[in-house]
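Novice:
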Amino acid sequence: MNQAAQSYWNEFWEKQDQEKPKPVSAWPFGAEPDHLAQLVIDGIKTATCSSLISYEIENEPLPSAGDYSIILNSRDLPVAIIQTVEVNIMPMNEVPEDFASAEGEGDRSYRYWREVHEAYFSRELRRFGLEFSENIPLVCERFKLVDVKK
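Number 32 in this note's numbering belongs to position 29 of the sequence shown; there are no gaps in the numbering.
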């Protein structure tokens, strides 16, 4: 975590009447970090997903309910804090329409979500030397906005 994110995290918890949880992660959203972060701030984006294989290959821990994350913009500056409220692992072709809509992108339709995510996961899997399949396992995470950096 960079210094700006760490400072934001510390400042946020200084105002809380509870113990600071550990660990916390800091990361930008996908290909359009500024746009997607703004969708979170505007209350439109309340979900995100990643391929399970990327967690496994990169040896990253899976998110779980209660986790906090600091959302970064394209310049790696913190813009918000979210808290994970639900995590489900499911094949891409079984992701429900309400989850696709909760991702908040495009026209929020399942068709749009599917097209964009198929293209994204195809590129991601090629980086690992793998082929896209419509039943690749996804880590589907729902979250709530906790704080917006002023």
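C-beta: ideal position from N, C-alpha, C; glycine also. Just so it is clear, the structure is predicted and the values come from calculations on it, not from any experiment.
Would a C-beta distance cut-off of 8 Å place I74 and F102 closer than the cut-off?
Specialist: no
Novice: Whole alpha helix (DSSP H) runs in the region 14-94 with 4 or more residues, listed along the chain?
Specialist: 36-44 and 55-60
Novice: Would you kindly work out how many angstroms separate the C-alpha atoms of I85 and E14, rounded to a whole number?
Specialist: 15 Å
Novice: Taking the alpha helix (DSSP H) that V119 belongs to, which residues open and close that run?
Specialist: Y113 to R130
Novice: Around the Cβ of D20, are there at least 16 other Cβ atoms within 10 angstroms (buried) or fewer (exposed)?
Specialist: exposed
Novice: If you follow the alpha helix (DSSP H) that E100 is in, where does it begin and where does it stop?
Specialist: Per DSSP, E100 belongs to the alpha helix (DSSP H) from E100 to A105.
Novice: Helix, strand or coil, according to DSSP, for E144 in the structure here?
Specialist: strand
Novice: Leaving out the 5 sequence neighbours to the left and right, which residues in its chain are closer than 6 Å to N91 when beta-carbon positions are compared?
Specialist: C143
Novice: Grab me the residues of V119's own chain with a C-beta within less than 7 Å of its C-beta, minus the 5 sequence neighbours each way, in chain order.
Specialist: E108 and G109
Novice: Mind the definition here: the region 57-72 touches the region 38-49 only if three or more C-beta pairs lie below 8 Å; say whether that holds.
Specialist: The region 57-72 is not in contact with the region 38-49.
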